[in-house]
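Novice: Starting off with a structure, shown below.
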Amino acid sequence: MRLWTSVFLLCVSSVSSEFDKGEWKDVKIKQGPVRGYRDSSGELWTFRSIPYASVPTDKNKFKAPLPPPTWTEPLDADGDGKNLTDFTEDLLSEEYMNMKKIVRAIWHNFIITGKPVPEGSPLPAWPAVSVGNSPYMSLGQKLELGNAIEPKRFNFWQKIYQKYYREPISPPYPQPEIHTEL
-1 MRLWTSVFLL CVSSVSSEFD KGEWKDVKIK QGPVRGYRDS SGELWTFRSI PYASVPTDKN
59 KFKAPLPPPT WTEPLDADGD GKNLTDFTED LLSEEYMNMK KIVRAIWHNF IITGKPVPEG
119 SPLPAWPAVS VGNSPYMSLG QKLELGNAIE PKRFNFWQKI YQKYYREPIS PPYPQPEIHT
179 EL
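In structure tokens, the structure reads:
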């Protein structure tokens, strides 16, 4: 419930972009006291940038978010939070940028030619799958073609495929009538 309260307060705060810092109100949430301000219309109290989780770091960075921080002094909830949709590539490493470039080239080739690595490409050759031959591209420190997928990894993905794959369903017969009148 507290999470939804925080989310609601954040949503309400996005309605207004300006507020008068002269009139404020403190409210208590699970993490601690939060100080909000009236919006410019004077009709709404706005509470911005309330942390709803903490970011895992280091070896845990891909795990679920951690509980939000707590505080004892009123948190000034008057700023805009981080915009997670603003993806600038300025801070990405050269290695990551190069990998993005390679993956884009592979997808582009596949979409245009049906082959991820067409003849004459500077990328390693990638032959088609056949009986007894299951080549895959390893996107590690260096790009290289592999042929024997580790059984543990193969079984992992096979279970996911079997669990979620659904056979295509053909449209109902007879086909519905097409109406041309308005």
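Residue numbers (this note's numbering): -1 to 180.
All residues carry an ideal CB built from backbone N, CA and C; glycine is no exception.
Let's see if you can read the secondary structure: which residues bound the beta strand (DSSP E) around Tyr134?
Specialist: From DSSP, the beta strand (DSSP E) with Tyr134 extends over Tyr134 to Leu137.
Novice: Compute the Euclidean distance between the alpha carbons of Pro172 and Arg164, then round it to the nearest angstrom.
Specialist: Between Pro172 and Arg164, the C-alpha separation is close to 23 angstroms.
Novice: Nearest-angstrom Cα distance between Leu137 and Met97?
Specialist: So the two alpha carbons sit approximately 8 angstroms from each other.
Novice: Do Pro72 and Arg33 count as a contact pair if the criterion is CB distance below 8 angstroms?
Specialist: Yes, the pair counts as a contact, with Cβ atoms nearer than the cut-off.
Novice: Is Lys99 near Asn107, with beta carbons less than 8 angstroms apart?
Specialist: Cβ distance not < 8 angstroms, so Lys99 and Asn107 don't count as in contact.
Novice: Using a Cβ-Cβ cutoff of less than 7 angstroms, which residues in the same chain neighbour Pro169 once the five nearest sequence positions on both sides are dropped?
Specialist: Here the set comprises nothing.
Novice: Could you check where the beta strand (DSSP E) with Arg36 kicks off and where it finishes?
Specialist: Taken as a continuous stretch (DSSP letters only), the beta strand (DSSP E) holding Arg36 covers Gly30 to Asp37.
Novice: Quick check for students: name the residue ranges of the alpha helix (DSSP H) that lie wholly in the stretch 85 to 135, counting only runs of 4 or more.
Specialist: Counting only runs of 4 or more, we get 92 to 111.
Novice: Could you tell me whether the Cβ atoms of Tyr159 and Gly144 are closer together than 8 angstroms?
Specialist: Going by C-beta atoms, Tyr159 is not nearer than 8 angstroms to Gly144.
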